[in-house]
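J.: Read top to bottom, the protein sequences are chains E and L. Numbered per my numbering, the first sequence spans residues 6 to 118. Numbered per my numbering, the second sequence spans residues 433 to 543. Glycine included, every Cβ here is placed at the ideal spot set by N, Cα and C. Structure below; questions to follow.
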Amino acid sequence: GAGVSQSPRYKVAKRGQDVALRCDPISGHVSLFWYQQALGQGPEFLTYFQNEAQLDKSGLPSDRFFAERPEGSVSTLKIQRTQQEDSAVYLCASSLDINYGYTFGSGTRLTVV
Amino acid sequence: AQSVTQLGSHVSVSEGALVLLRCNYSSSVPPYLFWYVQYPNQGLQLLLKYTSAATLVKGINGFEAEFKKSETSFHLTKPSAHMSDAAEYFCAVSDRDDMRFGAGTRLTVKP
Numbered sequence: 006g007a008g009v010s011q012s013p014r015y016k017v018a019k020r021g022q023d024v025a026l027r028c029d030p031i032s033g034h035v036s037l038f039w040y041q042q043a044l045g046q047g048p049e050f051l052t053y054f055q056n057e058a059q060l061d062k063s064g065l066p067s068d069r070f071f072a073e074r075p076e077g078s079v080s081t082l083k084i085q086r087t088q089q090e091d092s093a094v095y096l097c098a099s100s101l102d103i104n105y106g107y108t109f110g111s112g113t114r115l116t117v118v
Numbered sequence: 433a434q435s436v437t438q439l440g441s442h443v444s445v446s447e448g449a450l451v452l453l454r455c456n457y458s459s460s461v462p463p464y465l466f467w468y469v470q471y472p473n474q475g476l477q478l479l480l481k482y483t484s485a486a487t488l489v490k491g492i493n494g495f496e497a498e499f500k501k502s503e504t505s506f507h508l509t510k511p512s513a514h515m516s517d518a519a520e521y522f523c524a525v526s527d528r529d530d531m532r533f534g535a536g537t538r539l540t541v542k543p
């Protein structure tokens, strides 16, 4: 596609509920990144894929967070047993090469109530 | 480990005045440096990037930034602010594997 697409755009979850956030990167982009952006803060790195391989997951805040990219294209970020502190905008970005920078999606705003 | 520090969480300028947003980086390898802009309820848009070519980098919307290795800085400037420049600006550094962002600077432009 022309850009990075994320869905849903907004998600309200009850505390304890599981959620799945989807990212469709730009076709051909081998690198895919997930970031968490709390209100008034900069994006915080969560995890990074190169094709289907998850090369770095050091930013995932707890074992409730899980990301996958099974076919090296679409990625899903799953959060189990959501907590209020998980409320944030989750940004996905893809990249062909670092020389071109990253292209970001519009994000998914997760609100846990 | 790499990181960036943005000096000043809020900057306010008058329309037509110079814009200067400060960014200092820390990196163990020659860095790639970026500036992104974020408008309310939108994702991040790339303004400009430094990838070891010219140290003075020109971006979109009249913005530019200069890489100064001796000062470990990559400050963003624009000669004349426009009302439409009001947004959140993020500096970022990459070691080629991933990108780390600063906390952001909110730019307000007064008429």
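Can you look up L:Glu-496 in the DSSP assignment and give me helix, strand or coil?
T.: Here L:Glu-496 carries a strand assignment [DSSP, helix/strand/coil].
J.: With a CB to CB cut of under 8 Å and the five nearest residues on each side skipped, what residues in its chain are close to L:Arg-532?
T.: Answer for L:Arg-532: Gln-434, Ser-435, Val-436, Ala-524, Val-525, Ser-526, listed in chain order.
J.: For the beta strand (DSSP E) holding E:Glu-91, just list the boundary residues, first then last.
T.: The question names Glu, yet the displayed sequence has Asp at residue 91 of chain E. Element bounds for E:Asp-91: n/a, residue is neither H nor E.
J.: Rounded to the nearest angstrom, what separates E:Val-79 and E:Arg-114 at their Cα positions?
T.: 19 Å
J.: Using Cβ-Cβ distances below 8 Å, what residues of the region 521 to 537 of chain L are close to chain E?
T.: Phe-522, Ser-526, Arg-528, Asp-529, Asp-530, Met-531, Arg-532, Phe-533, Gly-534, Ala-535, Gly-536
J.: Given that a residue counts as buried once 16 or more other Cβ atoms are within 10 Å of its Cβ, and exposed if not, what is L:Ser-512?
T.: Around the CB of L:Ser-512, fewer than 16 other CB atoms lie within 10 Å, so the residue is classed as exposed.
J.: Is the region 452 to 469 of chain L touching the region 488 to 508 of chain L in the sense that three or more CB pairs, one from each, lie closer than 8 Å?
T.: In short, these stretches touch, since the Cβ pair count reaches three.
J.: What in chain E is Cβ-close to L:Thr-540, meaning under 9 Å?
T.: Those do not exist, as L:Thr-540 stays about 15 Å from chain E at its closest Cβ, beyond 9 Å.
J.: Would you call the CB atoms of E:Gln-59 and E:Ala-72 closer than 8 Å?
T.: yes
J.: Going straight from the alpha carbon of E:Cys-97 to that of L:Gly-440, what length do you get?
T.: Distance between the alpha carbons of E:Cys-97 and L:Gly-440 is about 26 Å.
J.: Does any residue of chain E have a CB that is nearer than 8 Å to the CB of L:Gln-474?
T.: yes
J.: Residues of the region 439 to 467 of chain L with a CB closer than 9 Å to any CB of chain E: list them in chain order, please.
T.: Ser-441, Tyr-464, Phe-466
J.: Helix, strand or coil: how does DSSP classify L:Lys-481 here?
T.: strand
J.: Give the interface partners of E:Tyr-107 over in chain L, defined as CB-CB distance under 7 Å, in chain order.
T.: Met-531
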